[in-house]
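In what follows, a structure is listed as structure tokens, so that the remarks can point back to it.
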Amino acid sequence: MSTEKAWVYRVEEPHGSEGWRPYGGDAERRRGTITTDDHAHGAKYVAALVVTDLVTEWDLRGTSSVRHVRVLVWHETEGTPEDAAFTVEVQPEIHAQ
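First residue of the sequence shown: 667, per this note's numbering; consecutive thereafter.
Quick look at the structure:
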């Protein structure tokens, strides 16, 4: 009995009154599938992996690269934001120096 689950994710950034758009210049790099084989590794775990990758990238580029983004995660197939199994927003610190 296989316990593998496929989780689809997408990273977006705010785009004014138009809502959200794919994050960064390489949109395909910020969407994909992660397969987990542990019941404890669900949508929140996948979002944490994606956020960790983003934070690592921002650290390498310097703090001026930190952006307001949201990470959406779905089970098996991408859908609408309302259908996401988990959504998290990451915002730069307002009082950062």
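Just so you know, even glycine gets a beta-carbon here, dropped at the ideal spot from N, CA and C.
(request) Pick out the complete alpha helix (DSSP H) segments inside the stretch 675–751, 4 residues or longer, and give them in chain order. (result) 709–727
(message) Pop quiz: residue 679 and residue 686 are said to be a contact at Cβ under 8 Å. What is the actual Cβ separation, rounded to whole angstroms?
(response) The residue you call residue 679 lines up with position 13 of the sequence shown. The residue you call residue 686 lines up with position 20 of the sequence shown. The pair is a contact, with the Cβ atoms about 7 Å apart (cut-off 8 Å).
(message) So, under 8 Å CB-CB, residue 670 and residue 703 are touching, yes? Tell me the CB distance rounded to an integer number of Å.
(response) Residue 670 sits at position 4 when you count from the first residue of the sequence shown. Residue 703 sits at position 37 when you count from the first residue of the sequence shown. That pair is a contact at about 5 Å.
(request) Using a threshold of 7 Å, state whether the C-beta atoms of residue 752 and residue 709 are closer than that. (result) Here residue 752 refers to the residue found at position 86 of the sequence shown. Here residue 709 refers to the residue found at position 43 of the sequence shown. For residue 752 and residue 709, yes; Cβs fall inside 7 Å.
(request) Answer with yes or no whether the minimum CB distance from residue 739 to chain D is below 7 Å. (result) Looking for chain D here will not work: only one protein chain is present.
(message) Run through the DSSP bridge pairs and tell me what residue 670 is partnered with.
(response) Here residue 670 corresponds to residue number 4 of the sequence shown, with the count starting at 1. In DSSP, residue 670 forms no bridge with anything.
(message) Give me, in chain order, the residues of the same chain whose beta-carbon lies closer than 6 Å to that of residue 689; leave out the 5 immediate sequence neighbours on both sides.
(response) Taking the first residue of the sequence shown as 1, we reach residue 689 at position 23. These residues qualify, in order along the chain: 677, 678, 679, 696, 735.
(request) Identify which residue in 700, 684, 733 has its Cα closest to the Cα of residue 672. (result) Position 6 of the sequence shown holds residue 672. It is 700.
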